[in-house]
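Student: Take this structure first; my questions come after.
Numbering (the UniProt record's numbering), first residue to last: 1 to 721.
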């Protein structure tokens, strides 16, 4: 019966687009004549609704971009600072991304700049890297081309152009969420509420405040556009031109998203699982879902070619799942309908796809040469409690706030803004409605061609079911890793806003309650306007003054010690010098001075991770000779000790860098439940400051201030036993 229902959906899909487009106006004209409305009046009304909705969406995005720019200026006093002080605001991996953007602009030609990035041997000592592939520098390539092609050199400084593009993309991000909620609910009031919740919960919806050049800030706006287009594409009774437009937008945004972020295929895998479950219960037109699968395949293939034959895309779970789904579809098509085997395959469809996916992924990893991040698999094992380790890198990753379970403060913030309660309400109603629809499908009842308001069946709309499944899957990930909340919370805002503004959702609830005292349709229409209006006014009253205070309050970001360090390096250090220190500081040194470094704050390369762990030994209890051998093995000439790491007093004992090094090096002794660090050598970063032998034989202090101590690594040493 489920298979016959799916066949019905396929048959409806195969109807001629032109016929459906011709029939739709006739049906609308009949309905309008009953209501006493002329077609011209309805056309003007629809145009006005579309115009003001688009105007509100674009205005919301532009205002959010301006808000981010103003907040950034107030936070860093950007316009009143020198170039060096501006660049220091880029920390960690952000500094590396922006440094390559600077290099592209300094290159004699774009082609030469790209060549130098793909054959880069001036960033990390003793290592030639393809920076474009390894660090996904396509955003920087696009930004540099736009900056030079638009003739902006004489109009705007490179840094303003760069961050302006990122803030503009965030505006597109918000506009896409607005449109998605609008398409689902039918009213742009839902879009306004989505934007309000997004901005109020900015701490949990975006990382733009902390890391402007991060890959997700470039990529997620394209994913939001893809989701908006996919939402429209999945709708029933969509006219041919709108369907083609949505399809093209899904194709373009999917490929662009994949090029902007190295982890994009994992997020697309979650989306593919959502579509697979949607199709498995015959709640969407199968042909549409499989067209999206083809878009995934095309994007993976094109991405593989343009990303220098990136083998990570070939062994990605997305490719394995899509291949399994295509193969399963062929198996089903070759089976005669109504036979026992076809019904058995339908029952075991999910298990079949899962088995084929795992098998294909295993075979691809066996036969396709790839550099798999083993540390990622080990991290998952340790995170799930399947293994324990003393490895410094693993424990350091586990200590990162973004890789831990979300705190209670996160849920408290969402509750205070009323987002979480309404999301749970909308989710419960949608889940119950979807469950009813699935039960009806199992019983053989076909889906309705068009779901009317009085039907109260919101679970029969495929785009709604998709978003319910998608937010649940992302929510499960967010409950495990706090960093995943930046993927989940924006769609929580969108789904909650859609729900409270949708008359269909309220009508679905009233159908269950069997209201008789008040006409349910009238009450649903009233609540779909009244509830979001009340929420909007309460949010305005409570949070608008806070936002205005943020924009009016001048914050001070001043780091004179780092400025002095960078100035000294540019004036005193030899051009060919190589610096060693913490990866985060090395990123800033590379950006601000251009000098070569021994490590980078990147965590997708096993060799760089090993370098980081070895150079972090300067904060361990190792001998001067050991540290000297490590540093000279990477051809380092200068060592930078950070007082903040050496004397770190972390909130969680055992997660400080020096604690993790002591555990990894076996320098921790446990007595009566307490842990003590013990070694026959003192902590290197402390001992080297004492200026006594043997440290002075290996290292010579050449510069220091309150935060940093710089030592030249001596080239001529007489080793003594």
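Just so it is clear, CB atoms sit at the ideal spot from N, CA and C, and this is done for glycine as well.
Among the candidates 355, 518, 534, 253, whose CA atom is the shortest distance from the CA of residue 418?
Tutor: Cα-wise, what sits closest to residue 418 is 534.
Student: Could you give the DSSP three-state label for residue 543: helix, strand or coil?
Tutor: Note: residue 543 maps to helix in three-state DSSP.
Student: Going by beta carbon distance, what residues of the same chain come within less than 7 Å of residue 416, once the five residues before and after it are set aside?
Tutor: Same-chain partners within the cutoff: there are none.
Student: Assign residue 649 to one of three DSSP states: helix, strand, or coil.
Tutor: DSSP places residue 649 in coil when its eight states are reduced to three.
Student: When burial is assigned at 16 or more other CB atoms within 10 Å of the CB, is residue 488 buried or exposed?
Tutor: Per the 10 Å Cβ criterion, buried.
Student: Using DSSP with H/G/I as helix, E/B as strand and the rest coil, what is residue 703?
Tutor: If DSSP states are grouped into helix, strand and coil, residue 703 belongs with the strands.
Student: Taking C-alpha atoms, which residue in 617, 623, 696 lies nearest to residue 659?
Tutor: Nearest option by C-alpha distance: 617.
Student: In the DSSP output, what is residue 642 paired with across the bridge?
Tutor: For residue 642, which the question treats as bridged, DSSP gives the partners 708.
Student: Measure the alpha-carbon distance for residue 392 versus residue 663 and round it to whole angstroms.
Tutor: Going by the C-alpha atoms only, they are around 8 Å apart.
Student: Which residues in the same chain as residue 471 place their Cβ atom closer than 6 Å to its Cβ, once the five residues preceding and following it in sequence are excluded?
Tutor: Once the five neighbours on either side are set aside, the close Cβ partners of residue 471 are 491, 495.
Student: Rounded to a whole number of angstroms, what is the C-alpha to C-alpha distance between residue 31 and residue 43?
Tutor: Summary for residue 31: the model assigns pLDDT 46, below 50, so the residue's position carries little reliability; its value from the coordinates is reported in the next sentence. Roughly 14 Å separates the two Cα atoms.
Student: Just tell me which of 460, 369, 328 has its CA closest to the CA of residue 349.
Tutor: Cα-wise, what sits closest to residue 349 is 328.
Student: What does DSSP give as the partner residues of residue 713 in its beta bridges?
Tutor: Beta-bridge pairing links residue 713 to 699.
Student: On a CA-only basis, which of 700, 685, 622, 457 is nearest residue 678? Give me that one, please.
Tutor: The residue with the shortest Cα to Cα distance from residue 678 is 622.
Student: Within its chain, find whatever has a CB closer than 8 Å to the CB of residue 539; leave out the 5 residues flanking it on each side and keep chain order.
Tutor: For residue 539, where only same-chain residues beyond five positions count, the Cβ hits under 8 Å are 196, 197, 200, 417, 418.
Student: What are the boundary residues of the beta strand (DSSP E) that residue 579 is part of?
Tutor: Residue 579 -> beta strand (DSSP E) spans 578-580.
Student: Count the other CB atoms within 10 Å of the CB of residue 184; is the residue buried (16 or more) or exposed (fewer)?
Tutor: Result: buried.
Student: How would you write the range of the alpha helix (DSSP H) that residue 389 sits in, first residue to last?
Tutor: No alpha helix (DSSP H) holds residue 389; DSSP gives it neither H nor E.
Student: Tell me residue 120's beta-bridge partners as DSSP assigns them.
Tutor: DSSP, once it has assigned bridges, lists 129 as partnering residue 120.
Student: Does the count of Cβ pairs from the segment 566-575 and the segment 584-598 closer than 8 Å reach three?
Tutor: Flag = yes, the segment 566-575 and the segment 584-598 touch.
Student: Using C-beta distances below 7 Å, list every residue in its chain close to residue 465, excluding the 5 sequence neighbours before and after it, in chain order.
Tutor: The answer, listed in chain order, is 278, 283, 434, 459.
Student: Nearest by alpha-carbon distance to residue 457: which of 479, 506, 501 is it?
Tutor: It is 506.
Student: Use the C-beta contact count for residue 667: other C-beta atoms within 10 angstroms, 16 or more gives buried, fewer gives exposed.
Tutor: The residue is buried, with at least 16 neighbouring Cβ atoms inside 10 Å.
Student: Which residue's Cα is closest to the Cα of residue 133: 215, 700, 523?
Tutor: For residue 133, the nearest C-alpha among the options comes from 215.
Student: Evaluate residue 723 with the Cβ neighbour count: other Cβ atoms within 10 Å of its Cβ, from every protein chain shown; 16 or more gives buried, anything less gives exposed.
Tutor: With the chain covering only 1 through 721, there is no way to say anything about residue 723.
Student: Take residue 481 and list the residues in its own chain whose beta-carbon comes closer than 6 Å to its own, dropping the five residues that flank it on each side.
Tutor: Hits under 6 Å: 403.
Student: Between residue 390 and the rest of its own chain, which residues show a CB-CB distance below 6 Å, the 5 nearest in sequence each way excluded?
Tutor: Cβ neighbours of residue 390 beyond the five flanking positions: 663, 664.
Student: Our contact map puts residue 255 next to residue 303 with C-beta atoms below 8 Å; I'd like the distance itself, whole angstroms only.
Tutor: At roughly 7 Å, the Cβ-Cβ gap stays under 8 Å, so residue 255 and residue 303 are in contact.
Student: On the DSSP bridge list, what partners appear for residue 66?
Tutor: Note: residue 66 sits in no beta bridge, so no partner.
Student: Determine whether the beta carbon atoms of residue 321 and residue 170 lie at a separation below 8 Å.
Tutor: No, the pair does not count as a contact, with Cβ atoms beyond the cut-off.
Student: Hey, residue 493 and residue 205 are a contact pair by Cβ (cut 8 Å); roughly how many whole angstroms apart?
Tutor: So it is a contact: roughly 7 Å between Cβ atoms.
Student: Quick check on residue 322: does DSSP put it in helix, strand or coil?
Tutor: Of the three classes helix, strand and coil, the one that applies to residue 322 here is helix, per DSSP.
Student: At the level of alpha carbons, what is the spacing between residue 98 and residue 502?
Tutor: In a straight line, the C-alpha of residue 98 is about 43 Å away from that of residue 502.
Student: Taking C-alpha atoms, which residue in 500, 154, 703 lies nearest to residue 571?
Tutor: Out of 500, 154, 703, 703 has the C-alpha closest to the C-alpha of residue 571.
Student: Compare the beta carbon distance of residue 698 and residue 561 with 8 Å and say whether it is the shorter of the two.
Tutor: In this structure, residue 561 does not lie closer than 8 Å to residue 698 by Cβ.
Student: Could you check what DSSP says for residue 155 in three-state terms: helix, strand or coil?
Tutor: Correct three-state label for residue 155: coil.
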